[in-house]
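Residue numbers (our numbering): 48 to 433.
In this text, a Cβ means the ideal position worked out from N, Cα and C, and glycines have one as well.
These figures come from a predicted structure and were not determined experimentally.
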Ligand SMILES: *Cc1c(COP(=O)(O)O)cnc(C)c1O
């Protein structure tokens with residue numbers, strides 16, 4: 048059937064009726080708990096800026112100084128002449144922080160995932176993924192042309208069964224470190240064991256763990272004690288806890304060298320602006336030198352979880368800054384989200400296809416910049432609106 052104007056209109060109408068229609072709200076403030084969104088002042092629990100660095104004066108200064116020094120645009124891809132001293136130093140500092148030999152920067156996490164998976168996997172190969180993996184990981188394996196095999200969330204027995212059936216092929220285990228919509232974590236050591244037993248690549252996307260978990264904020268992989276041999280491909284983003292934009296892949300010097308020759312989303316795309324690299328470097332310093340940011344965040348998480356369980360909210364087993372409250376269906380999730388907004392509290396309703404049908408939820412994210420009283424306000428408002 049031709050996807051003509053009438054069909055598109057019908058599709059949009061249906062989407063609206065099913066409470067699945069989406070639209071971007073417009074903010075006129077930086078990322079911080081108190082924001083102005085669509086002209087209204089709100090207390091926000093939606094940002095992935097977990098450590099409050101997106102609007103930090105030192106990060107802004109680094110960005111400003113570097114933009115005066117290097118200008119705004121990077122002008123070309125990394126391989127042509129877009130790779131500056133700032134990119135080079137950021138790669139070295141990320142390698143040091145993650146305990147890996149080498150690092151490659153990408154402009155976004157989505158591009159990093161597509162670039163790496165397509166470089167290593169292709170037709171005839173098999174990629175195994177957790178049911179709850181991020182969309183960019185699913186798309187990465189689809190685009191690579193490899194067969195996609197999904198297993199139930201965190202079910203290592205089922206994964207092993209599926210691995211046995213493909214033991215002879217070129218295989219990869221691809222997983223979120225911290226699951227982006229659930230907040231729970233992957234079992235990195237079990238995955239590392241399976242990947243070694245079945246000689247499969249293991250790639251961990253630590254978008255929500257990097258900066259927040261592990262010693263000095265090096266992430267879930269570091270916290271779980273996994274070495275470079277255990278997790279040969281470690282990916283994380285610079286747009287969440289780091290508070291900037293971009294992403295990186297860390298691994299052995301050889302694998303990173305291979306990616307420089309083969310990862311098309313790196314080769315054929317303009318390098319991120321140097322000022323973003325400089326801002327990321329300033330942010331990494333704060334992440335490592337100010338552990339109080341993580342300590343305070345985890346105090347707020349504990350406060351929220353305790354208050355939520357006292358009130359009988361339907362939480363998922365998450366110990367991270369991502370705290371979903373399950374709603375069951377999209378209409379209910381939207382209704383609660385709208386009621387909260389009327390009280391000046393912003394929490395996004397997350398609906399299919401981002402999460403499986405019937406697991407619609409309010410996705411609450413906490414930040415170091417929230418105060419204890421903000422959590423009380425959130426808990427009391429949820430109680431009134433659920
Ligand atoms: C946000 C996210 C990405 C995408 O990163 P961007 O830099 O925003 O493109 C990839 N993986 C996971 C798990 C994420 O949460």
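Along the chain, where does the alpha helix (DSSP H) containing residue 105 start, and where does it finish?
The residue you call residue 105 lines up with position 58 of the chain shown. Taken as a continuous stretch (DSSP letters only), the alpha helix (DSSP H) holding residue 105 covers 104-117.
Among 412, 378 and 387, which residue has its Cα nearest to the Cα of residue 62?
-> What you label residue 62 is simply residue 15 of the chain shown in a count that begins at 1. The shortest Cα separation from residue 62 among 412, 378 and 387 belongs to 378.
Could you please give the first and the last residue of the uninterrupted beta strand (DSSP E) stretch that includes residue 282? For the purposes of this step, residue 282 is taken as the residue at position 235 of the chain shown. 280-284 is the span of the beta strand (DSSP E), which, as asked, contains residue 282.
Between residue 191 and ligand 1, is there a pair consisting of the residue's CB and a ligand heavy atom that are separated by less than 6 Å?
To locate residue 191, count along the chain shown from 1; it is residue 144. No, the beta carbon of residue 191 sits no closer than 6 Å to any heavy atom of ligand 1.
One question on the structure: do residue 249 and residue 176 come within less than 7 Å of each other, judged by their Cβ atoms? As a working mapping, residue 249 is identified with position 202 in the chain shown. As a working mapping, residue 176 is identified with position 129 in the chain shown. No, Cβ-Cβ distance for residue 249 and residue 176 is not below 7 Å.
Checklist entry - Cα separation between residue 317 and residue 83? => result Counted from its first residue, the chain shown places residue 317 at position 270. Counted from its first residue, the chain shown places residue 83 at position 36. Distance between the alpha carbons of residue 317 and residue 83 is about 32 Å.
Task: Cα-Cα separation, residue 215 to residue 182 - done: Sequence index remark: in the chain shown, residue 215 carries index 168 (1-based). Sequence index remark: in the chain shown, residue 182 carries index 135 (1-based). Rounded to whole angstroms, residue 215 to residue 182 spans 27 Å at the Cα level.
Requested in this report: Starting from the Cα of residue 224, find the closest Cα among 76, 241, 115 and 252 and give me that residue.
Outcome: Position 177 of the chain shown, counted from the start, is the residue given in the question as residue 224. Checking every option, the nearest Cα to that of residue 224 belongs to 252.
- Query: How many Å lie between residue 99 and residue 49 at the Cα?
  - Reply: Counting from one through the chain shown, the residue named residue 99 turns up at place 52. Counting from one through the chain shown, the residue named residue 49 turns up at place 2. One C-alpha to the other measures close to 47 Å.
Exercise for review: List the endpoints of the continuous beta strand (DSSP E) containing residue 204.
Suggested key: If you number the chain shown from 1, residue 204 lands on position 157. Where residue 204 is concerned, there is no enclosing beta strand (DSSP E), although the alpha helix (DSSP H) it sits in stretches over 203-212.
Candidates 366, 281 and 327, of which the one nearest residue 350 by Cα:
Within the chain shown, numbered from 1, the residue matching residue 350 stands at position 303. The shortest C-alpha separation from residue 350 is found at 366.
Just to confirm, does residue 155 get its C-beta within under 6 Å of one of the non-hydrogen atoms of ligand 1?
Position 108 of the chain shown, counted from the start, is the residue given in the question as residue 155. Indeed, a heavy atom of ligand 1 lies less than 6 Å from the Cβ.
| field | Helix, strand or coil at residue 234 according to DSSP, with G and I counted as helix | value | On the chain shown, residue 234 is found 187 positions in, with the first residue counted as 1. In the structure shown, residue 234 sits in coil (DSSP, three-state: anything other than H, G, I, E or B).
| message | If I follow the unbroken alpha helix (DSSP H) through residue 63, where does it start and stop? | response | Numbered from its first residue, the chain shown carries residue 63 at position 16. Segment 52-64, the alpha helix (DSSP H) holding residue 63.
Hey, residue 408 and residue 395: beta-carbon distance below 7 Å or not? Your numbering for residue 408 matches position 361 in the chain shown. Your numbering for residue 395 matches position 348 in the chain shown. Against a cut-off of 7 Å, the Cβ pair of residue 395 and residue 408 comes out as no contact.
If you run the structure through DSSP and keep just helix, strand and coil, what is residue 138?
-> Stepping through the chain shown from its first residue, residue 138 is reached at position 91. Correct three-state label for residue 138: helix.
**Request:** Could you tell me whether the region 316-334 touches the region 107-124, using the rule of 3 or more Cβ pairs below 8 Å?
**Result:** yes
State yes or no: is the C-beta of residue 234 within less than 7 Å of the C-beta of residue 179? The count along the chain shown starts at 1 and reaches residue 234 at position 187. The count along the chain shown starts at 1 and reaches residue 179 at position 132. No, the pair does not count as a contact, with Cβ atoms beyond the cut-off.
| request: Give the DSSP-derived three-state secondary structure of residue 430 in the structure shown. | output: In the chain shown, residue 430 corresponds to position 383, counting from 1. DSSP places residue 430 in helix when its eight states are reduced to three.
- Query: If you draw a straight line from the C-alpha of residue 286 to the C-alpha of residue 97, how long is it?
  - Reply: As a position in the chain shown, residue 286 is number 239, starting the count at 1. As a position in the chain shown, residue 97 is number 50, starting the count at 1. Distance between the alpha carbons of residue 286 and residue 97 is about 10 Å.
- request: Check residue 374 in the structure and name its three-state DSSP category.
  value: One-based indexing of the chain shown puts residue 374 at position 327. Looking at residue 374 - three-state DSSP - the assignment turns out to be coil, as it is neither helix nor strand.
Exercise for review: Could you tell me if the beta carbon of residue 415 falls within a distance shorter than 6 Å of some heavy atom in ligand 1?
Suggested key: As a working note, residue 415 is residue 368 in the chain shown. No.
Is the beta carbon of residue 174 less than 7 Å from the beta carbon of residue 154?
-> Sequence index remark: in the chain shown, residue 174 carries index 127 (1-based). Sequence index remark: in the chain shown, residue 154 carries index 107 (1-based). Against a cut-off of 7 Å, the Cβ pair of residue 154 and residue 174 comes out as no contact.
Taking residue 67 as part of the beta strand (DSSP E), name the residues at either end of that continuous run.
Here residue 67 is taken as the residue at index 20 of the chain shown, counted from 1. Looking at the DSSP string, residue 67 is not in any beta strand (DSSP E), and its letter there is neither H nor E.
**Span of the beta strand (DSSP E), counted from its first residue to its last, around residue 81** = By one-based count along the chain shown, residue 81 stands at place 34. Note, residue 81: beta strand (DSSP E), 81-84.
Under the three-state reduction of DSSP, which class applies to residue 198: helix, strand or coil? Indexing the chain shown from 1 puts residue 198 at position 151. Strand, per DSSP.
(Q) Any heavy atom of ligand 1 closer than 6 Å to the beta-carbon of residue 391? (A) Numbered from 1 along the chain shown, position 344 holds the residue referred to as residue 391. Not so, every heavy atom of ligand 1 lies at least 6 Å from the Cβ.
Exercise. If you run the structure through DSSP and keep just helix, strand and coil, what is residue 295?
Worked result: Reading the chain shown from its first residue, position 248 is the one you call residue 295. Note: residue 295 maps to strand in three-state DSSP.
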